[in-house]
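Just below is one structure, and these are the notes that go with it.
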Amino acid sequence: MLLPRGGPRLCTPLCSRPLSWGSRRPSPRRTSSSPRRSRTRPRAGRRAKARYDYRAFIDAFGSVNYNRPRRHGGANIAHGNDWSTGFGLVWAGLDVSGDYGPVGGTLGVRLGPVTELYNGADTSYGLQYLKQAYATLRPIPRSDRLAIDFGKMDTLYGAEVADSQDNLNYTRGALVWIEQPFFHTGLRIRYQALRWLEVAALAVNGWNNTLDNNRGKTFGIQETITALDGDLTVALGYLTGPEGDDVVSVACPMDTIYDGAVGCAPAQGSAASATDVAFEGVNRNWRHFADLVIRYRPHRRLLLLVNADFTHDRLPVDPSSGATTPGMMYGVMAAAGFSFTERWSAAARGEMVDDVYNTWTRALSSDAGIDRLRLITGTVTLRYQPVPQLAVMLDNRVDSANHPIFDRRGATDAANVQVTSTLGVIVMTR
């Protein structure tokens, strides 16, 4: 999770209409999690026309951390795309989609440093550059009400997405970066049950895994309700399944050897070793994740977002005894975006993420004594888009924690507060 959605994701799941940069800015295409309008298919006997779409972009930034940390890479603790100070590249991206009658496909490629952070375990298999790759089948003739996707795809859950230009703020929030999954590999079914109701279901490998790490599968569902002529959207989702490793590596120091009954047992003269051990109970420990997203547009220039999450799991600790440790996290994000003109807009975001047992946020700090970590963030963004092909976004952000986890001047000097300014520049085909 520490290591942040089909068709090219040109917009968040909740901004099916543009925030409003006026007629100069083309309206975003619908996303996989947005309700699809039925469109007439070619009549039987006629040759269907192939339809293609693409988008290319480059996302680069410059960031200042006012804590003046000595390290640069990874200095912006709890940040996502702007994880380093100074100048940096998020990634260059290419999204291509096409369909021929009832059959379609989507491919998303990313090149840049953040691909490894985003893809996590996929990096071990050389799959970090493949953000999405899936096929789509629409089995109902002359209708898009039912779509079946198979492959690697962005997650359904959350209010923010990976690409900066598709969000209200330039930097990724703590909620999406720490608590929410980024992608899944497997089967997804989307069905427009009613004009105002879309249902999606998942059967996938798990969180952020192209190749599964256990014998179990993860199952998810999301219901999206649209009202007020599309100005109000409520999406409620649930995801559950085993996420631990079937096989874990146990490292034993010198003069010990692994014993299945007790773990590393004394063995004078033995060299240090690592043993792969099956964790038998891992598929009985299911992670439970609930996600709520509310979007409301009270005015054509104003967009309001609320996102709340809850996660519970039992994580494997000792394969010899089958011992586990509890994991529980909850968080909330609220954001607002306002368009002043067709070129200028601003947004504000506030978040709270609480890792009750410091399970998933443990990697943020080297202090092993932290038993609970709570993060609060506040971000203000100014966006300037003189033409549809260029977006300049300035984020001023404050992160605070209940423990000193943020670097300040040196590795031994930490603070409870981190203040950053990040200027992001995105060039895109549209």
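In my numbering, the protein residues as written are 898 to 1327.
Virtual Cβ for every residue (Gly too), placed ideally from N, Cα, C.
> By DSSP, does Ser1061 sit in helix, in strand, or in coil?
Replying inline: helix
> How far does the beta strand (DSSP E) with Asn1293 in it reach, from first residue to last?
Replying inline: 1287 to 1298
> Exposed or buried, Lys946, counting other C-beta atoms within 10 Å across all chains shown (16 or more means buried)?
Replying inline: exposed
> Nearest CA to the CA of Phe1207: which residue from Thr1222, Gly1219, Phe1186, Arg1194?
Replying inline: Phe1186
> Given Gly1009, which residues of its chain have a CB within under 7 Å of its CB, disregarding the five upstream and five downstream residues?
Replying inline: Leu986, Val987, Trp988, Ala989
>> Using a 10 Å radius around the Cβ and a threshold of 16 neighbouring Cβ atoms, would you call Tyr1015 buried or exposed?
In response: buried
>> Relative to the C-alpha of Thr1317, which candidate in Trp980, Thr1107, Phe954, Ala1311 has its C-alpha closest?
In response: Trp980
> Helix or strand or just coil, what does DSSP make of Asp1304?
Replying inline: strand
> Are the stretch 1289 to 1296 and the stretch 1062 to 1082 touching by the rule of at least three beta carbon pairs closer than 8 Å?
Replying inline: yes
> Helix, strand or coil: which one does DSSP assign to Asn1182?
Replying inline: coil
>> Need the endpoints of the alpha helix (DSSP H) that Leu1014 sits in, please.
In response: 1011 to 1016
> In the DSSP assignment, what are the bridge partners of Ala1205?
Replying inline: Leu1189, Val1229
>> I need the straight-line Cα distance from Pro1038 to Phe1047, nearest angstrom please.
In response: 19 Å
> Counting pairs of beta carbons, one from the stretch 1188 to 1203 and one from the stretch 1229 to 1236, are three or more of them closer than 8 Å?
Replying inline: yes
> Can you tell which of Thr1130, Arg1240, Thr1033 has the C-alpha that lies nearest to the C-alpha of Leu1043?
Replying inline: Thr1033
> In three-state DSSP terms, what is Leu1024?
Replying inline: coil
> Residues bridged to Gly1001 by DSSP?
Replying inline: Asp996, Thr1033
> Beta carbon of Val1006, beta carbon of Leu1027: below 8 Å?
Replying inline: yes
>> Suppose the cutoff is 8 Å on Cβ atoms and the five residues either side in sequence are ignored; what does the same chain contact list for Thr1326 look like?
In response: Tyr951, Arg952, Ala953, Phe954, Gln1286
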